[in-house]
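Q: Residue numbers for the sequence shown, in this note's numbering: 12 to 323.
Before we start, here is the structure in question, set down as structure tokens.
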Amino acid sequence: MAFCFPGQGSLERGMGRDIAEAVPEAMAVFERGSEACGLDLARLCFDAPLDELVDTEVQQPALVATSLAILAGLRAEGIAPDYVIGHSVGEFAALAAAEALETEEAIALVRERGLAMAEAARQHPGTMAAILGLADDVVESLCRAIAGVWPANYNCPGQVVVSGANPAVDECCEEAEREGARRTVKLKVSGAFHSPLVARAADRLRPALDRVRLGEPAAPFMSTVTARIESAQRLRPLLVDQLTAPVKFTQAASELIRGGVRTFVEVGPGNVLSGLVKRIDRSVKAIPVNNLEGLKKLKELTAQGAPHFSRE
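Okay, here's the thing in structure tokens:
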């Protein structure tokens with residue numbers, strides 16, 4: 012079983028509230044996380060309208076705090092992963108789940124990461140777009156032919172997000188449609204994330220990462236930068252590289268499946284990753300745990316002795 016942690020965009024109003032109110036360990040995550048990052052995470056996640064959460068510098072700590080609060084609920088039930096994987100900023104939650112990073116440190120780091128990315132986006136404006144219905148190599152070829160646009164997210168077969176300067180992304184979308192893309196969708200983002208245009212963010216994040224201790228993951232950590240299981244000595248440079256490198260979620264999830272993972276539990280708001288996993292391989296289970304009801308259902312499955320589940 013792999014726990015997978017979502018990235019930006021998986022927002023829900025009131026996210027994490029019901030679990031936090033029912034599980035003291037989950038509420039403690041919001042409290043400790045607020046102290047670590049200087050934001051009132053409980054207010055933001057439980058009560059704030061979504062338009063207050065969309066800014067990168069707020070969304071990232073709020074999202075990771077919610078994922079880690081839900082994780083605390085899973086831990087309280089003794090449910091543990093065999094592997095961990097995260098999509099973009101979700102890698103920080105994944106490393107906390109693997110006990111390679113303290114919860115408070117993960118939330119403080121993603122606050123700094125969000126501020127760094129927002130600043131880099133203001134300095135070098137750009138955008139992102141999803142290209143649906145083309146093979147990965149076709150999208151890669153388009154990006155090589157157009158200056159200023161790069162593959163950013165390999166989400167599932169037939170869904171690649173590109174990132175870059177506004178005119179270049181627009182041109183890439185037009186060419187993709189000529190190549191037969193089912194459609195292209197401009198994303199509501201504030202910058203060209205996972206591209207060289209936000210390299211300044213990596214420069215700002217590096218010193219913050221140097222100040223924290225990264226231990227050996229207790230559960231194997233599947234990197235979506237390399238699509239390989241990575242050890243502690245590789246974590247720091249990879250967390251810097253991920254800001255400008257593409258997210259290889261398709262490749263990483265496929266590697267886990269080849270390695271024997273049959274169940275993916277999405278730990279955090281929404282169900283985006285569950286949908287992507289099913290598009291990658293319909294034979295595996297994908298279970299979103301984004302609220303108290305989802306936590307109870309997963310607890311019932313483990314209590315029934317369902318296959319492919321681990322307990323501490």
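Glycine included, every Cβ here is placed at the ideal spot set by N, Cα and C.
#1: Ignore the nearest five residues each way along the sequence and tell me which others in L52's own chain have a CB closer than 7 Å to its CB.
#2: Out of M128, T255, V160 and V100, which one is the CA nearest neighbour of A141?
#3: Where does P318 land, buried or exposed, given buried means 16+ other C-beta within 10 angstroms?
#4: Could you give the distance in angstroms between the alpha-carbon of G18 and the alpha-carbon of C184?
#5: Quick one: is Q134 buried, meaning 16 or more other Cβ sit within 10 Å of its Cβ, or exposed?
#6: Scan the segment 13-64 and note each continuous beta strand (DSSP E) run of 3 residues or more that stays entirely inside, going in chain order.
#7: DSSP state of T153, grouped into three classes?
#8: Roughly how many angstroms lie between the CA atoms of Q315 and L309, to the nearest whole one?
#9: Would you check if the distance between the CB atom of M12 and the CB atom of V276 is smaller than 8 Å?
#10: Within the continuous alpha helix (DSSP H) that includes Q262, where are the two ends?
#11: Nearest to D252 by CA position, among G89, R28 and F204, is which residue?
#12: Looking at the unbroken beta strand (DSSP E) that takes in S174, where does it start and where does it end?
#13: By the 10 Å Cβ neighbour count, where 16 or more other Cβ atoms means buried, how is A238 classified, buried or exposed?
#14: Could you name the residues of the same chain whose beta carbon sits closer than 7 Å to that of L216, not counting the 5 residues immediately before and after it, in chain order?
#15: Using DSSP's beta-bridge definition, name the partner residues of F275.
#16: Given a threshold of 16 other Cβ atoms within 10 Å of its Cβ, counted over all protein chains shown, does L306 qualify as buried or as exposed?
#17: So for F204, helix, strand or coil by DSSP?
#18: Using a Cβ-Cβ cutoff of less than 6 Å, which residues in the same chain neighbour L208 once the five nearest sequence positions on both sides are dropped?
#19: Let me make sure I understand the geometry here. Which of P218, D214, A213 and V171 has the alpha-carbon closest to that of L198?
#20: Rounded to whole angstroms, what's the CA-CA distance from Y94 to F232? Just pull it up for me.
#21: Given G226, which residues of its chain have a CB within under 8 Å of its CB, disregarding the five upstream and five downstream residues?
#22: Taking only runs that begin and end inside the segment 55-128, name each unbroken beta strand (DSSP E) of 3 or more residues, in chain order.
#23: Within its chain, find whatever has a CB closer than 7 Å to the CB of G175; leave out the 5 residues flanking it on each side and keep chain order.
#24: Closest to P248 by C-alpha separation, out of I30, S78, F14 and A219, would be which residue?
#25: If contacts are defined as beta-carbon pairs under 8 Å, then V300 and S99 qualify, I think. What distance do you get, rounded to the angstrom?
#26: DSSP state of E304, grouped into three classes?
#27: For the structure I just gave you, are there three or more beta carbon pairs, one from the segment 256-275 and one from the segment 55-70, closer than 8 Å?
#28: In its own chain, which residues sit with a C-beta less than 7 Å from the C-beta of R322, not counting the 5 before and 5 after it?
#29: For a test of your reading of the model: does the CB of N164 fall under 7 Å from any non-hydrogen atom of the ligand HEM? Yes or no.
#30: Indicate whether L153 and E115 have their beta-carbon atoms separated by less than 8 Å.
#31: Along the alpha helix (DSSP H) that carries A213, what are the first and last residues, could you check?
#32: Starting from K289, trace the alpha helix (DSSP H) in both directions and tell me its first and last residue.
A: Taking the structure as given:
#1: As a first step, residue 52 is located in the sequence shown; it is residue number 41 there, counting from the start. Closer than 7 Å at Cβ, skipping near neighbours: F41, G44, S45, P72, A73 and A76.
#2: Along the sequence shown, read from residue 1 onward, the residue named residue 141 stands at position 130. It is V160.
#3: Within the sequence shown, residue 318 is the residue found at index 307, counting from 1. Confidence is the limiting factor: at P318 the pLDDT is only 47, short of 50, which leaves the residue's position unreliable, though a coordinate-based value still follows. P318 comes out exposed.
#4: As a first step, residue 18 is located in the sequence shown; it is residue number 7 there, counting from the start. As a first step, residue 184 is located in the sequence shown; it is residue number 173 there, counting from the start. Answer to the nearest angstrom: the Cα atoms are 23 Å apart.
#5: What you label residue 134 is simply residue 123 of the sequence shown in a count that begins at 1. Flag for Q134 reads exposed.
#6: 13-16
#7: As a first step, residue 153 must be located in the sequence shown, where it is residue number 142. According to the sequence as given, residue 153 is Leu; it is not Thr. Residue state, collapsed to three classes: helix.
#8: As a first step, residue 315 is located in the sequence shown; it is residue number 304 there, counting from the start. As a first step, residue 309 is located in the sequence shown; it is residue number 298 there, counting from the start. Cα-Cα distance, rounded: 10 Å.
#9: If you number the sequence shown from 1, residue 12 lands on position 1. If you number the sequence shown from 1, residue 276 lands on position 265. In this structure, V276 lies closer than 8 Å to M12 by Cβ.
#10: Locating residue 262 in the sequence shown gives position 251, counting from the first residue. Its alpha helix (DSSP H) spans residues F260 to R269.
#11: Locating residue 252 in the sequence shown gives position 241, where the first residue counts as 1. Closest option to D252, Cα to Cα, is F204.
#12: The residue you call residue 174 lines up with position 163 of the sequence shown. Taken as a continuous stretch (DSSP letters only), the beta strand (DSSP E) holding S174 covers Q170 to G175.
#13: Here the question's residue 238 lines up with position 227 in the sequence shown. When all chains shown are included, A238 counts as buried.
#14: Here residue 216 refers to the residue found at position 205 when the sequence shown is read from its first residue. Closer than 7 Å at Cβ, skipping near neighbours: E123, R124, A127, V251 and L254.
#15: Residue numbering aside, residue 275 sits at position 264 when the sequence shown is read from its first letter. Answer is A13 and A297, bridged to F275.
#16: One-based indexing of the sequence shown puts residue 306 at position 295. Buried, because 16 or more other Cβ atoms sit within 10 Å of the Cβ of L306.
#17: The residue given as residue 204 occupies position 193 in the sequence shown. Coil, per DSSP.
#18: Here residue 208 corresponds to residue number 197 of the sequence shown, with the count starting at 1. Same-chain partners within the cutoff: H135 and G137.
#19: To locate residue 198, count along the sequence shown from 1; it is residue 187. The candidate whose alpha carbon is nearest that of L198 is V171.
#20: On the sequence shown, residue 94 is found 83 positions in, with the first residue counted as 1. On the sequence shown, residue 232 is found 221 positions in, with the first residue counted as 1. Whole-angstrom Cα-Cα distance: 6 Å.
#21: Taking the first residue of the sequence shown as position 1, residue 226 is located at position 215. Taken in chain order, the residues that qualify are E110, A111, L112 and A243.
#22: 94-97
#23: Here residue 175 refers to the residue found at position 164 when the sequence shown is read from its first residue. Only G137, G159, V160, W161, A203, S206 and L208 meet the Cβ criterion.
#24: Here residue 248 refers to the residue found at position 237 when the sequence shown is read from its first residue. Among I30, S78, F14 and A219, the Cα nearest to that of P248 is on A219.
#25: As a position in the sequence shown, residue 300 is number 289, starting the count at 1. As a position in the sequence shown, residue 99 is number 88, starting the count at 1. Rounded, the Cβ-Cβ distance is 19 Å, inconsistent with contact.
#26: Along the sequence shown, one-based indexing puts residue 304 at 293. Residue state, collapsed to three classes: helix.
#27: no
#28: Within the sequence shown, the letter at position 311 stands for residue 322. In this prediction, R322 has a pLDDT of 40, which is less than 50 and means its spatial position is unreliable; what the coordinates show is noted afterwards. Within the same chain, R322 has close Cβ partners G89, I90, A91 and T313.
#29: Among the components of this structure there are no ligands whatsoever, and the ligand HEM is therefore not found.
#30: Numbered from 1 along the sequence shown, position 142 holds the residue referred to as residue 153. Numbered from 1 along the sequence shown, position 104 holds the residue referred to as residue 115. No. Outside cutoff.
#31: Numbered from its first residue, the sequence shown carries residue 213 at position 202. Run containing A213: A210 to D221, per the alpha helix (DSSP H) assignment.
#32: Locating residue 289 in the sequence shown gives position 278, where the first residue counts as 1. Taken as a continuous stretch (DSSP letters only), the alpha helix (DSSP H) holding K289 covers V283 to I291.
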